[in-house]
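**Student:** Chains A and B, in that order, are what the protein sequence lines are.
Position one of the first sequence corresponds to residue 6 (our numbering), numbered consecutively onward.
Position one of the second sequence corresponds to residue 6 (our numbering), numbered consecutively onward.
Glycine is no exception: its CB is placed at the ideal position from the N, C-alpha and C atoms.
2 protein chains.
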Amino acid sequence: MSVSSFDPRATPTGAYRPGRIRDENLNTIMSAAAAEFVQHGYRGASIQRIADRAGLPKANVHYYFPRKTHLYQSVLKEIVALWNSELDELQVDDDPAQALARFIRSKVRLSFLHPTASKLFALEIISGAPNLQAYLSGELREWVAARAGVVQAWIDAGRMRPVDPLQLIVSIWATTQHYADFDEQVLKLMGKRRYDAAAMEQIADFLTDLILTGCGLEPPVS
Amino acid sequence: MSVSSFDPRATPTGAYRPGRIRDENLNTIMSAAAAEFVQHGYRGASIQRIADRAGLPKANVHYYFPRKTHLYQSVLKEIVALWNSELDELQVDDDPAQALARFIRSKVRLSFLHPTASKLFALEIISGAPNLQAYLSGELREWVAARAGVVQAWIDAGRMRPVDPLQLIVSIWATTQHYADFDEQVLKLMGKRRYDAAAMEQIADFLTDLILTGCGLEPPVS
DNA sequence: GTCTATATCCGGATAGAC
DNA sequence: GTCTATCCGGATATAGAC
């Protein structure tokens, strides 16, 4: 989405760089679009409202994204890239407790940092994942199979209780993403208006404790 | 949605009962609508397609539900009623392990039996719960507070490990509902086309084992 | 209670001036 | 690169015959 940092045209301040306005507009539009898609769904989302959120005239949105589909798919693609970027955890040599704790915290962090992204991804899957079929049975499946293999190796070596590795990974996703996707519900139940740093810590601690204990591991003191 | 079983007009076979056609049509339309809403969102859902799914002409749908909003809210209301119907678990006198295991299995069962209902509820919450504000901070909040109290009592009596009772309930919801809401993703990862009875058992067993162990309880043999 | 025909509106997309 | 005006398809909703 942003030009290479080695772009010779770049200036120290970032001002006057050709394409800079374009990049900024693209980012603004895509953020606005994500929020709109989450609130109204793909069909229900209106280009006019996306433009309003972005503070631009409607025709400008059409200038950057001639078709609504292109806009949606760009947003989705960016989210998948974001998800993949934090996906490289769990090695066989790692200490199971340390590695799982790190994995859980990384997922919690991602959810709290990018709730809108998490929600849009959830909406896409719940609606039948019409745009993510290839990703689900390709990249993601590979990644999960590999990590499940690591967990299985830990179990075979007697380093943790025998639990279904695939379901363990799924459950970690389910719980961590839930706090982003269902924030409207969870916050009401917690009697808060929004998550603060303390709540985030509390939740990360809780999940680490519950899941690691469930795996017969000693939760590392954070 | 259905007339009282003591309706004097009812016949043993159920045929020719006044209002019977009406009830059947209402059910058909509402099921069709739920599926359509899940796939396309509220705005994106088309009355024409709902009618097609129900095998009725479009004007018939308008006859029973003059406004699209009425239809959506009826469906949502029915789902909330369904959810509430299985909500009365967890008593202080219960054995914690037994009670929690029963609670988890009941939620798993509900998710697998009514995946579309679960998905529509999820969509509503993720989109900001515009139609469920009262429910979330009313009924549901009360119920959760009461159950959290029960769990806390168990903890105080030393009958289970100290874990945050509210987060425990939230996590049980998160994991159980995830299998219905994200079935598209989970099934691809499991390499299945749809859940069978064995998979459902496997998942219920896994969750019971993980969570109860996480609470320092001995999972009851099922 | 069922269905056809139609009024009305809204949103995506385009053309073309600036 | 920005913006105004407009076209046109599609969706909700209604009127009224059967």
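(1) Work out the CA separation of residue 108/B and residue 9/A for me, nearest whole Å.
(2) Is the region 64-74 of chain B in contact with the region 148-166 of chain A, if contact means three or more CB pairs nearer than 8 Å?
(3) Is residue 41/A buried or exposed, if buried means 16 or more other CB atoms sit within 10 Å of its CB?
(4) What does residue 113/B touch in chain A if you count any residue whose Cβ is under 7 Å from its own?
(5) To the nearest angstrom, how far is it from the Cα of residue 210/B to the Cα of residue 134/A?
(6) Could you tell me whether the Cβ of residue 163/B comes closer than 8 Å to any Cβ of chain A?
(7) Would DSSP call residue 66/B helix, strand or coil?
(8) Is residue 116/B helix, strand or coil by DSSP?
(9) Terminal residues of the continuous alpha helix (DSSP H) containing residue 35/A?
(10) So is residue 209/A in contact with chain B if we call contact Cβ pairs under 8 Å?
(11) Under a CB-based cut-off of 8 Å, is residue 131/B close to chain A?
(12) What do you get for residue 225/A, buried or exposed, if any count of 16 or more other CB atoms within 10 angstroms of its CB means buried?
(13) I'd like to check one pair, residue 205/A with residue 126/A: are the Cβ atoms closer than 8 Å?
(14) For residue 113/A and residue 24/B, I'd like the C-alpha separation in whole angstroms.
(15) Alpha carbons only, please: which of 105/A, 84/A, 153/A, 186/A is nearest the one belonging to residue 129/B?
(16) Between residue 168/A and chain B, is the shortest Cβ-Cβ distance under 8 Å, so that the two count as touching?
(17) Quick test of your reading: residue 95/A and residue 155/A, contact by CB under 8 Å. State the CB separation rounded to the nearest angstrom.
(18) Determine the closest residue to residue 199/A out of 208/A, 188/A, 60/A, with distance taken between C-alpha atoms.
(19) Please name the residue in 138/B, 131/B, 146/B, 151/B whose C-alpha comes closest to that of residue 46/A.
(20) For residue 38/B and residue 197/B, what's the separation of their Cα atoms in angstroms?
(21) Mind checking if residue 146/A is an interface residue toward chain B, Cβ cutoff 8 Å exclusive?
(22) Just the chain A side, please: which residues come within less than 7 Å of residue 195/B by C-beta, in chain order?
(23) Would you decide whether residue 220/A is buried or exposed? Buried here means 16 or more other CB atoms lie within 10 Å of its CB.
(24) Whose Cβ in chain A lies nearer than 7 Å to the Cβ of residue 73/B?
(25) Regarding residue 184/B and the ligand HEM, is the C-beta to nearest heavy atom distance less than 7 Å?
(26) First and last residue of the alpha helix (DSSP H) that includes residue 3/A?
(27) Mind listing which residues of the region 179-193 of chain B have their C-beta closer than 7 Å to chain A's C-betas, in chain order?
(28) Given a threshold of 16 other Cβ atoms within 10 Å of its Cβ, counted over all protein chains shown, does residue 26/B qualify as buried or as exposed?
(29) Indicate whether residue 106/A and residue 213/A have their beta-carbon atoms separated by less than 8 Å.
(30) For residue 141/B and residue 190/A, which I take to be in contact (beta-carbon distance under 8 Å), what is that distance rounded to the nearest angstrom?
(31) Between residue 201/A and residue 85/A, what straight-line distance do the alpha-carbon atoms span, to the nearest angstrom?
(32) Would you verify that the beta carbon of residue 218/B is, or is not, closer than 8 Å to some beta carbon of chain A?
(33) Residue 31/A CB to nearest chain B CB: under 8 Å?
**Tutor:** With the structure as the only source:
(1) Note that residue 9/A scores 35 on pLDDT, short of 50, meaning its location in the model is unreliable; the coordinates nonetheless yield the value given after this. Rounded to the nearest angstrom, the two C-alpha atoms are 53 Å apart.
(2) no
(3) buried
(4) Within chain A, no residue comes near residue 113/B; the closest Cβ sits about 12 Å away, beyond 7 Å.
(5) 28 Å
(6) no
(7) helix
(8) helix
(9) That run of the alpha helix (DSSP H) goes 25-49.
(10) Between residue 209/A and chain B, the shortest Cβ-Cβ separation is not below 8 Å.
(11) yes
(12) exposed
(13) In this structure, residue 126/A keeps its C-beta atom at 8 Å or more from the C-beta atom of residue 205/A.
(14) In a straight line, the C-alpha of residue 113/A is about 52 Å away from that of residue 24/B.
(15) 186/A
(16) yes
(17) 5 Å
(18) Selected option, being the one with the closest Cα: 188/A.
(19) 131/B
(20) 27 Å
(21) yes
(22) 171
(23) buried
(24) Under a criterion of Cβ atoms nearer than 7 Å, no residue of chain A is adjacent to residue 73/B; the nearest Cβ is some 12 Å distant.
(25) As for the ligand HEM, it is missing from this structure, which has no ligand bound.
(26) Outside the displayed range of chain A (6 to 227) lies residue 3/A, so it cannot be described from this structure.
(27) 179, 180, 183, 186, 187, 189, 190, 191, 193
(28) exposed
(29) yes
(30) 6 Å
(31) 26 Å
(32) yes
(33) no
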